[in-house]
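Per mature numbering (1 follows the signal peptide of the UniProt record, and there is no 0), the sequence shown runs over residues -19 to -1, 1 to 265.
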Amino acid sequence: MKLMLTVFICLFGFISCSGYLELHLQSPYKQSANVNISSSSKNEESRIIQVELGPKKRFNVTRIPINFNRIYNITIKCGESKEEGLTETTIVSSVVPNLGLLSPAAVARPLNGIRVIIGCDENWFGAKCDIFCDVKKTKKSGKSCNFHGISSCSNGFTGPKCDRKIDSKTCKCENNGKCIDSFPKPVCECSRAFRGDKCEKKQQSSSLSSHYKGDFWNFRMTFWQLIFSNLVENQLAEVKESEAWETINKILGNSSETPFANRPSDTAAFPFTGSVDLDATNIE
């Protein structure tokens, strides 16, 4: 009843549900770029930020309030740089807000790092930051708010007095997930790379596509040339065990520990397949 009441209050606006988006960018080149963050709602204004990128210099766009019922488009326009030999490039990422969403597994040059963070403000929990739990009040009672926003025991214990040790077999967590106290029964707390009731699914990544300025008929880039020549490992990716990493490694025949290790020297023979959204590509 307490959980249902909290969600009811949140939905009807008496308490403001609170989530945010952060964007971190990194490039090995010195160049300017424009970042545009917009949502699927016409009533929400776009945010346009000018940035200066460079080696060993990370740019952060922090704490942009979001609505979990909308889709957010991040457009990064990297300017031309004759000094660095770079053409104008547009990189687009589509984000469906969900707590735990991973950054793209790979990025397109000239960037070498993109991190997309979906987070909850203080006292808000759940996949859509829609469950309220007072952290300070809960701490005074000797408990803590778990990732579901439920007051729970710490250190592997459960019960009204937190005096019963949790049997890990209760949850049957997979992939190094931890069995933690919750209501009405213990649940699995997954590592960053996994999701699901038993941590049985690999975490999803935000999608990513790139567009290069030039004459289409004189600048033909195959799917394979895009992968082998222009995609690089995302140095800001949180993990290397996402669904997108699995796709890349199946294509390249690599293990997750050696991404982008196999790059054939001649990709001209591969067929032209049009534009590619790598993180949305399924390899059977």
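Beta carbons: idealized from backbone N, C-alpha and C, even for Gly.
C-beta atoms of residue i and residue j nearer than 7 Å
{"i": "Gln12", "j": "Gly81", "result": "no"}
{"i": "Lys118", "j": "Lys153", "result": "no"}
{"i": "Asn15", "j": "Gln31", "result": "yes"}
{"i": "Ser125", "j": "Ser135", "result": "yes"}
{"i": "Arg44", "j": "Tyr1", "result": "yes"}
{"i": "Asn104", "j": "Val88", "result": "no"}
Sequence-distant residues of its chain with Cβ nearer than 6 Å to residue i (five each side left out)
{"i": "Leu(-9)", "result": "Residue confidence for Leu(-9) is low, a pLDDT of 40 falling below 50, so the modelled location carries little weight; the figure read from the coordinates is stated next. Here the set comprises nothing."}
{"i": "residue 268", "result": "The chain is shown only over -19 to 265; residue 268 falls outside these bounds and no answer can be derived."}
{"i": "Asn48", "result": "none"}
{"i": "Lys159", "result": "Glu170"}
{"i": "Asp102", "result": "Ser(-2)"}
{"i": "residue 286", "result": "The requested residue 286 does not occur in the structure, where the chain is confined to residues -19 to 265."}
{"i": "Gly107", "result": "Gly130"}
{"i": "Ile29", "result": "Asn17"}
{"i": "Leu(-17)", "result": "With a pLDDT of only 39 at Leu(-17), under the threshold of 50, the placement of this residue in the model should not be trusted; the figure read from the coordinates follows. Closer than 6 Å at the Cβ level, and outside the excluded window around Leu(-17), lies no residue."}
{"i": "Val77", "result": "Ile52"}
{"i": "Cys143", "result": "Cys134"}
{"i": "Lys121", "result": "none"}
{"i": "Glu25", "result": "none"}
Reference residue i, options the options, closest by Cα
{"i": "Arg90", "options": "Ala108, Ser62 and Cys101", "result": "Ser62"}
{"i": "Lys58", "options": "Ser22, Ser21 and Ile72", "result": "Ile72"}
{"i": "residue 266", "options": "Glu25, Leu92, Gly130 and Glu3", "result": "This structure cannot speak to residue 266, because the chain is shown only from -19 to 265."}
{"i": "Asn79", "options": "Glu25, Glu181, Ile52 and Val88", "result": "Ile52"}
{"i": "Glu65", "options": "Trp105, Gly35 and Ala174", "result": "Gly35"}
{"i": "Leu4", "options": "Asn24, Leu212, Gly100 and Glu25", "result": "Gly100"}
{"i": "Leu217", "options": "Thr70, Pro85, Phe164 and Gly123", "result": "Pro85"}
{"i": "Leu212", "options": "Glu155, Thr70, Lys37 and Glu33", "result": "Thr70"}
{"i": "Glu33", "options": "Gly60, Pro141 and Gly123", "result": "Gly60"}
heavy atom of the ligand NAP below 6 Å from residue i C-beta
{"i": "Arg44", "result": "This structure lacks the ligand NAP; in fact it carries no ligand of any kind."}
8 Å Cβ shell around residue i - same chain, five flanking residues per side excluded
{"i": "Lys166", "result": "Thr151"}
{"i": "Ile147", "result": "Gly137, Phe138, Thr139, Cys160, Ile161, Asp162 and Pro167"}
{"i": "Arg145", "result": "Phe138 and Thr139"}
Cβ neighbours of residue i in the same chain (closer than 7 Å, five flanking residues each side left out)
{"i": "Ser161", "result": "The amino acid at residue 161 is misidentified as Ser; the sequence shows Ile. For Ile161, where only same-chain residues beyond five positions count, the Cβ hits under 7 Å are Asn127, Ser133, Pro167, Val168 and Glu170."}
{"i": "Ser27", "result": "Asn17, Ile18 and Ser19"}
{"i": "Asp247", "result": "Per-residue confidence for Asp247 stands at a pLDDT of 49, beneath the threshold of 50, marking its modelled position as unreliable; no derived number is given."}
{"i": "Arg176", "result": "Gly81, Lys182 and Gln184"}
Whole-angstrom C-beta distance between residue j and residue i, which should lie under 8 Å
{"i": "residue 273", "j": "Asn215", "result": "Summary: the structure shown does not reach residue 273, with the chain confined to residues -19 through 265, and so no result is reported for it."}
For the stretch 6 to 26 and the stretch 100 to 114, state whether three or more C-beta atom pairs, one from each stretch, are separated by less than 8 Å.
no
Could you say if the stretch 14 to 26 and the stretch 40 to 55 meet the contact criterion of at least three C-beta pairs nearer than 8 Å?
yes
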